[in-house]
Structures are given as C-alpha cells and as structure tokens.
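For reference, the structure is listed below as structure tokens.
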Amino acid sequence: MASGLPLRHPAQGFNASQQLIKSDRGSMLTMSDDNVMMNQIVGTHAPDGREVDVKPLLLLVEDILKRATLQIDSSLTTSKAHAEMEDKTYHVNFVSMLDALSYTIDRISSEIAYKALGGTDAHATTVSLFNMLTSYSWDAKLVLTLSAFALNYGEFWLLAQISSSNQLAKSMAILRQLPSIMEHSGPLKPRFDAINNLIKVMMDVARCVVEFKDLPPAYISNEVPALSTAMAHIPTAVYWTMRSVVACAAQITSLTTKGHEFSTSTTDAWELSTLAHKLSNILDHLRKQLDTCYQYIDEKRNVESFQMLKNLFEMIHIDNMKVLKALIYAKDDIQPLIDGSSKKRVHLDVLRRKNVLLLISGLDMSTDELSILEQIYNESRHHGARLDSQYEVVWVPIVDRSVQWSDPMKQKFESMQSSMPWFTVYHPSLIEKAVMRFIKEVWHFRNKPILVVLDPQGKVVCPNALHMMWIWGSSAFPFTSLREESLWKDETWRLELLVDGIDPVILNWIKEGKYIFLYGGDDDEWVRKFTNTARAVAQAARIPLEMVYVGKSSKREKIRRVIATITVEKLSYVWQDLTMIWFFWTRLESMLYSRIQLGKLDDHDPMMQEIKKLLSYDREGGWAVLSNGSNVVVNGHKTTALQTLLEYDLWKEQVPVKGFDLAYRDHQGRIHDISRPCCRFDFPMTMGRIPETMKCPECNRTMEKFSSFLCCHDEVIPDELFK
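Written out as structure tokens, the structure is:
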C-alpha cells in the first residue's frame, strides 16, 4: 500500500494513495474502519508482564527528531531553541535499560529498512513489527518503533548537517546521494514538510499513549468509562502510528536510493498528509478521554484531600502547623505568606502557636469592610496585648478556578494585598480545590467575607468572628464562641449598643441625658415632616431633643439625596460619611447573624426582638428610635412614629404625669396595635448560615418563607448583608 510508493511506478503510488484515502472515509473516532485488520493486530499481542519505563527513551527520541530537520535559508545546524537533552536520560538505570533494548531497536530498524527496499506492503511491514514486539506492552511497542526510526532518520540528518565540515561524513553523504538531495531542497520542501508534520503527530500520539500508562492506579481503573474506552482504542492508535513510521522511513529510503527526481511527486506528500489527518483524529479522541481521566483523578484526589482535612480538624494537635499547612500550603519549598508590615515573604512558622484569624473572602471585599477591619486591627495592636493574648490575621483569597486569571483580577488582588497590614497568602493559586470545598461546605463560605478563628493548637473556636468584631471590636478577643456568648450576657438594650464606636457626638448627648431620635429611611418628604414635627413637639414639651439620621442598609444614591436635603434645610444632625452609615447597619445585621450563629435567634430575649424589629422596619421603608439618654424607650415604624408626634395634643396631658418618654411610648403602642406593619427579613444567599425558620418579632408567629430577587440600582454598593 502507501509505504511502497517510492519503489513502484508513480501510477501505482497514486492508486495506493487513493486506497488509503478511501479507507479514511470511515470515522476514526469509532476506531472500526477495519475490524479484521485490528483483530489481526490484537492477536499478535501477548505481553510477558515485563515493565519497561519508556519515558526516558521517548525523551531521547523527541530530542533526535527535533534536531533532525531540513532548514531552508539557513545552515543545517540545530536551532538554539532546542533544549539540551535532560541529564536524567543518561542515568545509570536508563543506560542499563538501553543495553537490554538496543538489540530489539536494531532489529526493528533493519526490518523497516529491508521491507522498504523490498517494496513490501506497508500493512504487512507493520504486522511484521507487531510480531517482533509481541511480548511488549502497547506503549513499549510504539516507543521502540519510534526509537528505531529515530536511529535511521537521525543518521540521515546528521550526515546532512556535518558533511560540510567533516570529511568522513562528506564521503558517507555522497554514498547516500545527500549532496544531490540538498541541492534540490526547494522542490523537495513539500515532501519534508509533510514528513515533519507527520512526525509531530506521531510524537503527540506517543506521548498521549504513555500518559495513559502513567495514570495512577490508586485513583483510576479500567472500570472508569473514559479509561476503558481509551484502552480499547490504544491498539488502533499504536497501529496507525507505527504504520506512519513505516511510511516516513519509506520516503527517506526512496530519496537515498532513487534520487530526488523520482521523489518530487505530490502524491507522496498527499499520502503523508492523509496519514497525519488520520492520526490527528485518533489523537483528538484520545486526548478527550485523557482529559476526562484527569478530571476523574482530580475529583478522587480532591475527595480524599477533603476527607483528610475534615479528619484533621477532629484531631488534637500540639500546635497549629499541621492545620495551617493543610489549609494554605503543605510544602516547604516556598514562603507562602506576605507579611503585611514589611511586605516580605515569610514561612508559616511565624504563626506557630498563635491565635490565627483566617480572613476568607473573594476579590470583591468592599473598601468599607477593609477600612473598618484595619482600624480595629490597628487599635488592638496599639493596646500592647499580652503574650498570651496575641493573634494574627491571615487573608485567604478564594478565587473560582473555572474563571481564567486575568490582568484586572491580578491588579485587584495585588491592590487588596498591598493595602492589608496583616499576613496574606502569597497567591490565590496556593489554595487547593479541596480546601476551597472545605471552606464552602464546612465553614459555610458563600462569597461574603468570614473570619474563622483558630486557637494555638489549630482548633476552630469560632466559625465566623466577623460579627462580634463588628459589634465589640478588639475587646471581643480571643474571638471564641464562648467569648461571644459571654459578651451577649453582659449586653443590654441601650443606645450605646447601636452607636458605640461610630460617633462620639451621640455618646456626649447620652452623657448629657438628652432625648435622642435615631431615625432612617429613604423618603425625603417623610424625613422633612418627621424632623419638623419632632422639633415642634420637643419645644412644646420643653425637652432637650437631638436627632440623627442614620440612613438605610441599601440604596446609597437615595441616601445621598436625603443627606443633601437634611444638610441644606438643616433638618437634623446627619452622618455625612457613608462608611459610618454602612458600619451602623453592618453592626446591626451582625447582631442578628451572631445570634443565628450561636443558635439563639428565637429565644425570648427582648433585646433581640427590638433588633429584629429595627432591621425589619428598615426593609419596610423607615423608622425612628427614641431614647432618653442611654435608655431606649421605643422603636417604631415610620408611620406610627410620625403619627404619634402629629397627635401630640391627644397625649400631651400625660407628659407631666408619666414623663415625655413614657407618654410617647404608650400612645405609639396604641397606634401600633391598630395598624401593625408587616415584618420582613432578607437573607442573601452569600451569607452562608440562613435560618430554616424565624419567628416574627411583633406577634411571635413563625414567619412565611419566600425566595426573592432584588436589585437596588446602586452603582457603588459595598457588599452589605442586606441589599
């Protein structure tokens, strides 16, 4: 057939090529072109169990074939781009293996050359090679055949490349008609291009076959469909690659025996191109199966690593090193952290036996969150904590591996990393897939930042300390769940709980014993009516009243407009800095989430009921909280708060008797009983821990559960918990 072309009449060669093309019409993906032929090939396969590590040999073949090439327009020297052969190829074990295989390689080389000279059919030549290699595995058959081809092909090009500078090579080259071939290299270029293209595909198939052999049996077996399918197709891949070797060898033989005049037929290049096309189809199919196998192995390894990680956190350790290495980076070959203060890379040892706070987030952590967290972190550092109360923060960036790492992502990461004063993981790629799965499934990370606290032994003492850090700052140290419960036991429903650490002006009002209205919403007309009415009532009742607008948990653009209205019309005191407003609502929401995390959301705690009311009123439009100094008197929806003030004449008689605060509360209570607003809570899916049920803070019934979609149309919104 095809490989006999050079030793026959051109018309015969054309007919053989036509036969090869006709045989290629069937789908190579099914590998069923000629079952009889492949049954014959498989019938020659009788491996004796010997294992041959063919990878070093394949590297050697690859090196030879890379350097053996025709280079028009330049001297016949090897390209500088070709790397030097790897030293491991010359390892003593490889040399001994080569000694054992050299006889077989020589036999194959001689068989190919003899059959090419005799004009033997290409299939028959290929079958003779399989009979010669019957006891070897499929990958060994293929690599040994390629080695034999590289021996002859390499010798051909070695003579061509050094004949101009070496007399011995020159004389041998003349015997092989190489000077004549080189003189006519222009017309022969299509032939050599076709040979080079086919050799490239042959090597790609060989590498792919060897990769299948190297798949770890501990993670994949022939029961896996992708591997069993590939193993069924590998004999076909090996056959067509070895047959391509025979075809290439025949082309070189025709050049050195028949001369360049005979060898310029376009049908020869056509034959080689057809084989290259056939092999490319086989290669594409095998690569798809190989990719599927690698995915399967990765999944198995990830499952194993995930389970090992779960088991690790159930063990008792003398320090936190095993845990931190498993989470961040297990090897010792690089420094996986960046020190936020010096911006230098450091080893995990800097965290040994310390309380470690793992700040876990994506690249979308808001500047508000970062700035407040940095402020709390720096304050705790200035307090000069004792040795037994030291803690370190480590940023663990979580980036979706399915999203390609881009320049904007790189810039965002580096910008965040450079702004952090604490330790950061050097690069997101250090965090393994199994670790990301653990963080998401066990620690309930859903893109919203969390702060997991590990004690000096690596034990998780709080699944997310971010809530208590927002509420109590560094005084919540050591940020354990026990500390969180203790802080709640000492807490009371007072105005300081709502505004502590945000605005000293309000704290001064509290000290002076003034009445204070904290109010919010996004309706500037209601704000105008409420503040003007409240001021008029305060004058009538002769009480010292201050008012402060604290915005809303979302809709920043609307809040800006309301702030502008309040400022221009001098309606009340207002927080101009939107970060203060963000922090107020984040702290309030953190109070709710803290209780959810502790499993104490629906206990009969009056303070928690008031916090839930306030969050619900915010979702329903607006609200107002009245306090007398530190004591919170009443918390009401905007409709009842404004109506109570408008109806001052109905309850003003009670002010001298009960006091302004109690008189206001009682009248608002009567209005509230007549018209109760709906209560509503929105939990974003990114929150992680969403309660299964929730009781209404107004009537104590179990609330209905809905799924909703929400867009607040703000161009720049921090990642609020409610939006």
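1 is the number of the first residue of the sequence shown in UniProt numbering; add one for each residue after it.
Beta carbons: idealized from backbone N, C-alpha and C, even for Gly.
Query, Result
"If you reduce the DSSP assignment to three classes, tell me which class E557 lands in.", "helix"
"Counting pairs of Cβ atoms below 8 Å between the segment 295–302 and the segment 421–440, do you hit three or more?", "yes"
"Check whether the Cβ atoms of A237 and V201 sit closer than 7 Å, and answer yes or no.", "no"
"On a Cα-Cα basis, can you pick out the residue from G49, R494, E620 that is closest to S553?", "E620"
"Which residue comes first and which comes last in the beta strand (DSSP E) that contains G521?", "515–521"
"From D319 to R352, what distance separates their C-alpha atoms?", "7 Å"
"Assess contact between the segment 374–383 and the segment 406–415, defined as three or more Cβ pairs (one per stretch) separated by less than 8 Å. Is contact present?", "no"
"Can you look up D24 in the DSSP assignment and give me helix, strand or coil?", "For D24, the predicted structure reports a pLDDT of 41, less than 50, and the residue's modelled location is therefore unreliable. A value from the coordinates is still provided. D24 falls in the coil class under three-state DSSP."
"Where do the ends of the beta strand (DSSP E) carrying I360 lie?", "355–361"
"At the level of alpha carbons, what is the spacing between S110 and L255?", "17 Å"
"Mind reading off the beta-carbon distance from V210 to K66? Whole number of angstroms is fine, and I expect it under 8 Å.", "Wrong, their Cβ atoms sit about 17 Å apart, outside the cutoff."
"Taking 7 Å as the CB-CB cut-off, is T134 touching chain B?", "Of the chains in the structure shown, none is chain B; there is only one protein chain."
"Using only the alpha-carbon positions, how far apart do S627 and V425 sit?", "46 Å"
"Any heavy atom of the ligand FMN closer than 6 Å to the Cβ of M321?", "With respect to the ligand FMN, the structure shown offers nothing to examine, as it has no ligands at all."
"State the CB to CB distance for the pair M608 and E491, rounded to an integer number of angstroms; the pair is presumed to be in contact (CB under 8 Å).", "Not a contact, Cβ separation roughly 10 Å."
"Can you grab the Cα-Cα spacing for the pair T533 / Q539, in whole Å?", "10 Å"
"Would you list the one or two residues that DSSP bridges to R345?", "I338"
"Hey, could you find the ends of the beta strand (DSSP E) N628 is sitting in?", "622–628"
"Among all the DSSP beta bridges, which residues are the ones paired with Y573?", "V548"
"Which residues does DSSP list as the beta-bridge partners of F423?", "V394"
"Under 7 Å, do A46 and I108 count as touching if we go by C-beta distance?", "no"
"So, helix, strand or coil for N631, using DSSP?", "strand"
"Suppose you measure from the CA of L665 to the CA of N631; what does that come to, to the nearest Å?", "First, the residue type needs correcting, since residue 665 is Arg and not Leu in the sequence shown. Cα to Cα, R665 sits roughly 13 Å from N631."
"Report the rounded CA-to-CA distance for E392 versus D500, giving the unit in angstroms.", "25 Å"
"L578 lies in the beta strand (DSSP E); which residues open and close that run?", "Not the beta strand (DSSP E): L578 falls in the alpha helix (DSSP H), residues 578–597."
"Taking the alpha carbon of S305 as the point to measure from, which residue in W472, Y219, P190 has its own alpha carbon closest?", "Y219"
"Going by DSSP in three states, R535 sits in which element: helix, strand or coil?", "helix"
"What residue range is occupied by the uninterrupted alpha helix (DSSP H) comprising V127?", "122–132"
"For T30 and L168, I'd like the C-alpha separation in whole angstroms.", "Legend: pLDDT at T30 = 43, less than 50; position of this residue unreliable, value from coordinates given subsequently. T30 and L168: Cα-Cα distance of roughly 51 Å."
"Go through its chain and collect everything with a Cβ distance to Y153's Cβ below 6 Å, but skip five positions before and after it.", "A68"
"Using DSSP with H/G/I as helix, E/B as strand and the rest coil, what is S244?", "helix"
"Check the DSSP bridge columns for G636 and list the partner residues they point to.", "A624"
"Would you say the segment 450–461 touches the segment 309–328, given that touching needs at least three Cβ pairs under 8 Å?", "yes"
"Is the CB-CB distance between I234 and A150 below 7 Å?", "no"
"Assign L451 to one of three DSSP states: helix, strand, or coil.", "strand"
"Which residues in the same chain as F445 place their Cβ atom closer than 8 Å to its Cβ, once the five residues preceding and following it in sequence are excluded?", "I360, I398, I439, G688"
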